[in-house]
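Q: Counting from 1, one number per residue, gives the positions in the sequence shown under the UniProt record's numbering. A virtual CB, placed ideally from N, CA and C, is assigned to each residue, including glycine. For clarity, every value in this text was computed on a predicted model and none was experimentally measured. Starting off with a structure, shown below.
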Amino acid sequence: MSNIEYFKSRVDSTFSPMDYLQAKKMNPDKYVLIDVRNGTPELKKEKISGSLEIPQPEIINHLSELPKDKEIIVYCWDVWCNTASKSAIVLLENGFSVRELSGGIASWKTLNLPTTSLLESNNECGC
């Protein structure tokens, strides 16, 4: 693979957080964002707002629940994590259109983009 082929492939298979937000704004119903990180809610603490949670080892069991007419965007922890890539392979092998969110939730949070807590409130008021 030449350098240009490598970089074209990378661009075709990933979305930066800002590119994802721009694409989602232009076509709000085209994308499904999935958090494929493994771990407990206490470990993960939060997810990208609007994303589904399907841990990577379970993705194969949820294929029938995912729309094939939408582009699936998967994310994991950060640039060193390969959980999203593993999930993308399974989805691609099963006929889905898939991209990986570059940098995972770490890059999303660095940009102060919206997240949703996965931890239940311990306040008696429920707030």
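Among S102, K86, P67 and E65, which one has its Cα closest to the Cα of D78?
A: Of the listed residues, the one whose Cα sits closest to D78 is S102.
Q: Cβ-heavy atom distance between Y6 and the ligand NAP below 7 Å?
A: Because no ligand of any kind appears in the structure shown, any question about the ligand NAP cannot be addressed here.
Q: Under a Cβ-count criterion, where at least 16 other Cβ atoms within 10 Å of its own Cβ denotes burial, should W80 be classed as buried or exposed?
A: Exposed is the call here.
Q: With DSSP as the reference, label C127 as helix, strand or coil.
A: Unreliable placement is indicated for C127, whose pLDDT of 44 sits below 50; no coordinate value is reported for it.
Q: Tell me whether residue 160 is buried or exposed, calling it buried when 16 or more other Cβ atoms sit within 10 Å of its Cβ.
A: Given a span of 1 to 127 for the chain in the structure shown, any question on residue 160 remains unanswerable.
Q: Under 8 Å between the Cβ atoms of I73 and L33?
A: Closer than 8 Å, so yes.
Q: Name the one or two DSSP bridge partners that T83 has.
A: Bridge partners of T83: none, in fact.
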